[in-house]
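*Asks:* Here it is, the structure in full.
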Amino acid sequence: MILFKRMYIPPLMAYALTFLSLCFVDFTAAFRHAIEWNLPLETFYYGVGGAGILDALFVVPLFTAAAAAYAIARLKSRSRMLVHF
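Under my numbering, the sequence shown has 26 at position 43, and the numbering climbs by one with no breaks.
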């Protein structure tokens, strides 16, 4: 959406924002699962990010940053102006 309006967003910021939003969702889902199955609440976060480097918490923000970098490169190659915020 931001790139559609030609607003510049660094790929690292795209990664960080995507990671934070997915992390919030992942923790909320883990907490809900612990409550639903009457698991100990002090260990509800054990499964968050458990797939390591192949976890969506790592891969999806990486693809978002790559897409942002690609879109910025395409816009700059066409000499389009980007608005910095």
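C-beta: ideal position from N, C-alpha, C; glycine also.
Fair warning: this is a prediction, and the values are worked out from it, not measured in the lab.
Looking at C-alpha atoms only, which residue of F41, L65, R61 is the closest neighbour of F2?
*Replies:* When each option's Cα is compared against that of F2, the closest is F41.
*Asks:* Nearest-angstrom Cα distance between A39 and R(-11)?
*Replies:* Using only the alpha carbons, I get a separation of about 27 Å.
*Asks:* Considering just the uninterrupted stretch of the alpha helix (DSSP H) at K(-12), what are its terminal residues?
*Replies:* That residue, K(-12), is in no alpha helix (DSSP H); it is neither H nor E in DSSP.
*Asks:* Please state the DSSP three-state secondary structure of V66.
*Replies:* If DSSP states are grouped into helix, strand and coil, V66 belongs with the strands.
*Asks:* Do you know whose CA, among A52, L45, M64, L65, lies nearest P(-7)'s CA?
*Replies:* Closest option to P(-7), Cα to Cα, is A52.
*Asks:* Are V43 and L5 close, meaning C-beta to C-beta below 8 Å?
*Replies:* A contact, by the Cβ cut-off of 8 Å.
*Asks:* What does the Cβ neighbour count give for A34, buried or exposed, with the cut at 16 atoms within 10 Å?
*Replies:* By the neighbour-count rule (16 or more Cβ atoms within 10 Å), A34 is not buried but exposed.
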